[in-house]
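Notes for the one structure printed next.
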Amino acid sequence: MPTELFLAADPLFADTVENVDDADTRFQPPTPPATPAASGWARIEKGGWVQFAERGATLPDQGWKIHVSATPTDAAKVVDTVCGYCFEHGLSLKFLRSKRIMEILNGKGAARGSSGKLITVYPPENRLEETLNDLSELLNGVEGPYILSDLRWDAGPLYVRYGGFKSLSCFSGEGEHVPAIRDPAGRLTPDFRGPAFKPPPWAPVPPFIEARIKARRQKAAKPFPYRVEKALRLSNAGGVYRATELESGRTVVLREARPHAGLDAAGDDAVARLLRARSVLERLDGVDFVPKVLAHRMHWEHHFLVEELVEGESLQEAVAKRHPLRAPGHTAASRAEYARWALPVLERVESALAVLHERGIVFGDLQLGNVIVRPDGRVCLVDFETAREIGDGSAPGLATPGFAAPWARSGFDPDHYALDCLRLVLFLPVTQLIGLDPAKAGVLVGATEQLFPLPPGFGRGLRDRLAPPPEWTRRTSRHRACARRSGLAAPPWPGTPEAPSWTPVLDAMRDAIVCSATPWRDDRLFPGDPRHFDGQGATLAFGAAGVLHALHATGRTGYPGFDEHVDWLVRASERLDAPRAGLCDGLAGVACVLAELGREDEALAALDRLRRLDLRGSAAGLFGGLAGIGLGLLRLGDTLTGGGLDDDEAIRIADRLARLVAGDADGVAPVTRPGLMHGWSGIALLLIRLAADRPHYLDAAATALARDIAHCGVPADGCLQVRDGAGWRLDLTAGGAGIAVALREYLAHRPDDEHYRRVLDAVHAGLRMDLVASAGLLDGRAGVLAVLARACGGGDPAVGAHLRRLGWHAVRFHQHLAFPTDDLARLSMDLGTGTAGVLIAVHGALADRDPLAWLGGAPASAKASATWA
């Protein structure tokens with residue numbers, strides 16, 4: 001589920017729509033009738049849905065189901081109508097509990113394939129056609145968003161698809177956990193829920209549905225006069241495409257809008273915004289810095305605004321290509337050169353906005369992606385979906401995080417504030433942090449002034465304009481208040497590794513984690529990345545196991561409540577309905593942490609559950625696949641005081657992975673991504689850990705490493721980083737830092753391999769980059785710090801630089817210090833993306849401890865010495 005859906009319930013932490021404050025918009029359907037034969041109706045509320053079924057009724061695992069959509073205006077009436085029909089006919093159903101949740105799940109950031117679903121009805125197959133026809137008559141004239149994953153029934157808001165009724169999961173072709181249904185042989189197979197109707201080829205299709213499918217195929221739509229060449233952007237509102245006009249051959253941009261879909265905060269759908277954009281663009285026809293409207297067409301109910309293609313690159317692409325802090329070894333001269341390019345661009349954008357304002361137009365969504373820099377240096381503003389006339393008195397219904405503020409929503413204020421954010425983001429692109437802690441504006445402006453030669457007064461004006469007004473009061477988080485004396489300020493971030501004030505900083509991170517705990521909840525103990533809601537609330541990467549490991553590894557478990565938190569982890573590991581096996585996302589990692597915390601019986605119980613899982617089709621990698629499970633088994637063997645584990649299970653896994661390297665998949669999903677977590681380097685790491693008496697494992701590891709290194713390029717002289725489209729990755733998950741972990745251990749066994757020695761040096765050089773978008777351990781600066789500190793020691797200048805730069809992301813949380821998720825949208829306490837990961841990385845760099853011990857069994861070289869050196 002898209003991240004945006006987890007941001008409505010709490011301004012500080014990601015939370016589910018189930019916890020949205022929607023009491024004033026809840027639907028109140030009719031009461032089910034008493035049915036003595038079935039002992040009445042059971043009502044269950046879960047995940048933002050209200051479910052009704054007659055007591056004693058049993059649903060099959062899968063089948064054909066009906067979905068109903070509606071507009072917000074008609075939603076309550078539709079819920080009443082469908083519930084009344086289902087109660088009368090004894091049909092199980094579920095519906096979204098409120099208009100507020102419905103709007104969130106049909107917002108622009110919602111999943112395209114499932115958006116629009118207000119109600120799901122589960123009729124028996126022998127009553128499916130009757131139910132469709134009856135509901136079609138009852139809902140005649142009702143409109144709603146098109147449910148892309150389904151087959152539309154008649155012209156109203158009814159849709160039908162074959163899929164799961166109950167929650168089952170299996171591995172996808174790439175080894176990822178996905179919703180599942182059973183094929184005719186009883187095997188679990190992915191339940192496809194994409195943005196197109198696509199029933200399984202083996203699904204039993206009733207004749208009346210087959211007739212509708214054939215009729216749909218035969219109903220030829222009017223030929224579309226454009227050939228789409230590339231999707232530039234996709235959302236639940238529609239898409240933006242580069243296309244060729246068939247008649248003229250010219251290249252154009254198509255902006256698609258889906259009726260009743262992509263709702264914004266003002267309640268407008270994508271079509272309303274597209275029509276408003278068309279009106280504004282036509283009013284601005286002939287203005288140099290706006291695209292020309294060529295046509296407005298409709299195709300298959302969707303609206304398409306056809307615009308000229310503006311040659312050039314987005315400002316986001318231009319900054320990524322030129323920013324000196326994105327390359328190792330930047331100098332004062334390179335920073336000055338960049339400022340000489342960036343400042344005139346800002347002036348041109350400011351001039352463009354001034355012209356708009358003179359004509360009474362508010363642009364509404366100024367951000368890097370909505371500015372095109374032409375080849376001659378001129379700028380063009382694109383995407384006018386939030387633009388409006390100043391006289392209409394409304395505020396933009398959409399805003400880009402990092403470029404909007406709740407206190408700047410009227411008049412021309414949204415544009416003025418966004419322009420100030422743009423002034424800062426061109427030099428330090430982390431302005432989303434200001435939304436989490438307004439004091440970050442001063443910190444980030446100060447860092448910008450230190451790094452770049454800027455005009456006098458540039459920073460002082462930004463500080464004043466980005467800060468909230470004195471009367472502004474932030475909406476508070478829904479978590480409990482912290483138990484700490486008032487009047488204490490969060491400690492400042494130290495400037496050097498040698499500073500004596502690091503202990504209070506580490507303690508402040510610990511206090512933030514402890515303060516955020518929610519042991520009364522079953523789905524999570526510590527708030528973190530939204531992925532912990534996907535059955536990963538107990539896991540190492542995003543759940544409680546990783547946080548407790550970090551607290552234990554840094555010696556910060558002496559707080560009241562620690563034992564209660566360990567008990568929570570035990571309970572959470574036991575109640576998983578469909579547990580995962582992986583090191584980072586499942587039972588292998590949980591078992592390792594329970595063992596290191598002294599809960600050996602519970603660790604063995606988790607291991608026993610892991611052994612009973614069917615891993616056919618599993619991923620091969622470290623994060624959630626076989627390599628990580630093997631590494632977890634090795635670590636358990638080293639940790640359990642009672643023994644009882646040998647290396648045989650890990651060796652059997654390693655044998656399978658060695659065959660995979662040689663080309664024999666043996667029921668393992670293909671490796672499709674590079675890096676330590678999901679790519680070949682994680683496989684190599686397990687092979688290396690078991691290579692003492694098995695030299696052929698080293699040969700396989702060398703081959704595996706070569707495959708990841710093939711994804712690398714040279715962003716600067718003497719550096720290697722992993723290519724990521726037009727950019728580069730240096731993180732632990734899929735970047736150079738993760739590859740370096742496996743390379744370093746490989747060289748401990750084969751120190752004379754000069755080729756890989758040179759590769760490792762180049763990868764380490766590529767990690768000496770000042771601008772890293774996030775702070776996290778898996779995908780951000782903390783992971784880079786952890787790898788460099790172990791390789792080069794705490795006195796290395798790059799280690800000190802990464803320690804200092806982590807302060808850019810440190811956010812005040814009460815009187816404590818916390819860190820945001822990788823997208824900088826909310827605070828996170830987990831190991832993979834948030835505060836626990838930063839805590840363990842900083843502690844490791846300062847105390848010469850291994851912050852990556854959670855990666856599995858100790859390497860052979862480490863068993864003979866305290867470090868990897």
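Position 28 (the sequence shown) corresponds to 28 in the UniProt record's numbering; numbering is contiguous.
For glycine and all other residues, C-beta sits at the position ideal for the given N, C-alpha and C.
All figures in this text were calculated on a predicted structure; none of them were measured in a lab.
Exposure of residue i, with buried meaning 16 or more beta-carbon neighbours within 10 Å
| i | result |
| --- | --- |
| M298 | exposed |
| I513 | buried |
| Y559 | exposed |
| V290 | buried |
| D717 | exposed |
| W493 | buried |
| P184 | exposed |
| E385 | buried |
| E54 | buried |
| K198 | exposed |
| K440 | buried |
Cα-Cα separation between residue i and residue j, rounded to whole angstroms
| i | j | result |
| --- | --- | --- |
| H678 | A620 | 8 Å |
| I434 | R781 | 19 Å |
| L839 | A786 | 11 Å |
| G783 | G776 | 7 Å |
| G795 | R805 | 16 Å |
| K166 | P60 | 8 Å |
| L587 | E176 | 16 Å |
| K108 | N236 | 5 Å |
| V570 | A332 | 53 Å |
| G457 | K292 | 37 Å |
| R521 | H565 | 12 Å |
| V714 | Q721 | 6 Å |
| L760 | A318 | 30 Å |
| H89 | T120 | 15 Å |
| A578 | L466 | 46 Å |
| residue 875 | A737 | Because residue 875 is not part of the residues shown, which for the chain are 1 to 869, the question remains open. |
| V240 | A572 | 43 Å |
Contacts around residue i, its chain only, beta-carbon distance under 7 Å, and the 5 residues preceding and following it disregarded
| i | result |
| --- | --- |
| R227 | A243, T244 and L246 |
| I147 | H67, S69, G116, K117 and Y159 |
| T251 | R242, T244 and L309 |
Contacting residues, own chain, Cβ-Cβ under 6 Å from residue i (five flanking each side not counted)
| i | result |
| --- | --- |
| Q51 | I44 and K94 |
| F224 | H299 |
| residue 923 | The chain is shown only over 1 to 869; residue 923 falls outside these bounds and no answer can be derived. |
| D268 | G397 |
| G528 | F542, S828, M829, D830 and G834 |
| A818 | A512, V811, L827 and T835 |
| L607 | A591 |
Spatial neighbours of residue i in its chain, beta-carbon cut-off 8 Å, leaving aside the 5 residues before and after
| i | result |
| --- | --- |
| N140 | G156 |
| V160 | W64, K65, I66, H67, L128, L132, D150, L151, W153 and I209 |
Residue i (DSSP reduced to helix, strand or coil)
| i | result |
| --- | --- |
| Q51 | strand |
| R255 | strand |
| L398 | coil |
| I651 | helix |
| R485 | Because the pLDDT of R485 is 48, which lies under 50, any placement of that residue in the model is unreliable, and the number read from its coordinates should be weighed accordingly. R485 falls in the coil class under three-state DSSP. |
| F813 | strand |
| L426 | coil |
| F95 | strand |
| D724 | strand |
| G158 | In the sequence on display, residue 158 carries Leu and not Gly. Of the three classes helix, strand and coil, the one that applies to L158 here is strand, per DSSP. |
| residue 871 | No answer is possible for residue 871: it lies beyond the span of the chain, which begins at 1 and ends at 869. |
| F542 | coil |
| A818 | strand |
| F452 | coil |
| I709 | helix |
| A387 | coil |
| E163 | Here residue 163 turns out to be Gly, not Glu, going by the sequence shown. Reduced to three states, the DSSP call for G163 is strand. |
| residue 918 | This structure gives no information on residue 918, because the portion of the chain shown stretches from 1 to 869. |
Could you tell me whether the segment 707-725 touches the segment 646-656, using the rule of 3 or more Cβ pairs below 8 Å?
-> no
Would you say the segment 788-803 touches the segment 372-380, given that touching needs at least three Cβ pairs under 8 Å?
-> no
Three CB pairs or more closer than 8 Å across the segment 248-261 and the segment 390-400 | no
Touch test, the segment 582-599 against the segment 608-626, Cβ-Cβ under 8 Å, three pairs minimum = yes
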